[in-house]
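Visitor:
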Amino acid sequence: AQSVTQPDIHITVSEGASLELRCNYSYGATPYLFWYVQSPGQGLQLLLKYFSGDTLVQGIKGFEAEFKRSQSSFNLRKPSVHWSDAAEYFCAVGPGGGADGLTFGKGTHLIIQP
Amino acid sequence: DAGVIQSPRHEVTEMGQEVTLRCKPISGHNSLFWYRQTMMRGLELLIYFNNNVPIDDSGMPEDRFSAKMPNASFSTLKIQPSEPRDSAVYFCASTRTAAGEQYFGPGTRLTVT
Chain A
7 AQSVTQPDIH ITVSEGASLE LRCNYSYGAT PYLFWYVQSP GQGLQLLLKY FSGDTLVQGI
67 KGFEAEFKRS QSSFNLRKPS VHWSDAAEYF CAVGPGGGAD GLTFGKGTHL IIQP
Chain B
21 DAGVIQSPRH EVTEMGQEVT LRCKPISGHN SLFWYRQTMM RGLELLIYFN NNVPIDDSGM
81 PEDRFSAKMP NASFSTLKIQ PSEPRDSAVY FCASTRTAAG EQYFGPGTRL TVT
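First to last, the protein sequences are chains A and B. Using this note's numbering, you'd call the opening residue of the first sequence number 7 and step up by one each time. Using this note's numbering, you'd call the opening residue of the second sequence number 21 and step up by one each time.
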């Protein structure tokens, strides 16, 4: 069965500092990987996705993520965070490019310090 | 282009009552998903449809839960009878098959007292 682990429940970062959110997955074949962001009281917005090809993928809002098959990881990064980045971040894995249900991690709550 | 539309946004009901949540997917999308979000269990897939046909309902917690998709532009998730442990945020999402990303609605926050 597929699973996603986000080991950090909360992360606090100073505004302007760099960010890395960790995600590890378990899946029997080549996974389709996603990062979503959820602001309070809102739905989930897709930040970026990985299906195949270049293992470093760029997303919206200045985010990027790197797929490392050897480590079963898909960590999310941003070089300089803004106060508006404070939100809940979810990593997800799916078998069929999104046309099948996704399995989500428990999320990482990002707090931005001024 | 309108996104995924869910109604109601908030629902408060008493234990034992029937609850119906509604979803309108993005036009042209032919896969629809229902998820539930709770603090304890996070985001869980309940059921999904391809071309209006239920494909996997293994995530539906009990027989009290049922979902239908009578046409390409409408789906319902019904809970009968509702229980306090059903309190959660229920999300609907849609995608074009094999297109990749799922687009989520704003969710329905359900409170069962």
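Note that beta-carbon positions come from the ideal geometry of N, C-alpha and C, so glycine has one too. The model shown is predicted, which means the values in this text are computed figures rather than measured ones.
Unbroken beta strand (DSSP E) runs of length 3 or more, entirely within the segment 53 to 109 of chain A: which are they?
Guide: Runs of the beta strand (DSSP E) inside the segment 53 to 109 of chain A: 62 to 64, 70 to 74, 79 to 84 and 93 to 100.
Visitor: Give the single residue among V109/B, I46/B, R129/B and T33/B whose Cα lies nearest to the Cα of Q122/B.
Guide: Locating residue 122/B in the second sequence gives position 102, where the first residue counts as 1. Minimum Cα distance to Q122/B is reached at I46/B.
Visitor: Which residues in the same chain as V63/A place their Cβ atom closer than 6 angstroms to its Cβ, once the five residues preceding and following it in sequence are excluded?
Guide: The residue labelled residue 63/A in the question sits at position 57 within the first sequence. If we look at V63/A and ignore the five residues flanking it on each side, its Cβ neighbours are L54, Y56 and A71.
Visitor: Compile a chain-ordered list of the residues in the segment 109 to 129 of chain B whose CB is closer than 7 angstroms to at least one CB of chain A.
Guide: F111, T115, T117, A118, A119, G120, E121, Q122, F124, G125, P126 and G127
Visitor: Between M80/B and L52/B, how many whole angstroms is the CB-CB distance? I'm expecting something under 8 angstroms.
Guide: In the second sequence, counting from the first residue as 1, residue 80/B sits at position 60. In the second sequence, counting from the first residue as 1, residue 52/B sits at position 32. Distance from M80/B to L52/B at the Cβ level is roughly 14 angstroms; contact not present, criterion being Cβ atoms closer than 8 angstroms.
Visitor: Is the distance from the Cβ of V19/A to the Cβ of L82/A below 8 angstroms?
Guide: Taking the first residue of the first sequence as position 1, residue 19/A is located at position 13. Taking the first residue of the first sequence as position 1, residue 82/A is located at position 76. It is not a contact, given that the beta carbons lie outside the stated cut-off.
Visitor: Straight-line CA distance for F110/A to G49/A?
Guide: If you number the first sequence from 1, residue 110/A lands on position 104. If you number the first sequence from 1, residue 49/A lands on position 43. Each residue's alpha carbon lies about 14 angstroms from the other.
Visitor: Is the number of C-beta pairs between the segment 90 to 107 of chain B and the segment 34 to 41 of chain B that are closer than 8 angstroms three or more?
Guide: Because the criterion of three Cβ pairs below 8 angstroms is met, the segment 90 to 107 of chain B and the segment 34 to 41 of chain B touch.
Visitor: Out of curiosity, what's the CA-to-CA distance linking A22/B and D60/A?
Guide: Residue 22/B sits at position 2 when you count from the first residue of the second sequence. Residue 60/A sits at position 54 when you count from the first residue of the first sequence. About 32 angstroms.
Visitor: In chain order, what residues of the same chain have a beta carbon less than 7 angstroms from the beta carbon of F111/B, not counting five sequence neighbours either side?
Guide: If you number the second sequence from 1, residue 111/B lands on position 91. So the list reads Y55, Q57, F124, G125 and G127, once near-sequence residues are dropped.
Visitor: Taking 8 angstroms as the CB-CB cut-off, is G59/A touching chain B?
Guide: As a position in the first sequence, residue 59/A is number 53, starting the count at 1. Cβ-Cβ to chain B under 8 angstroms: no for G59/A.
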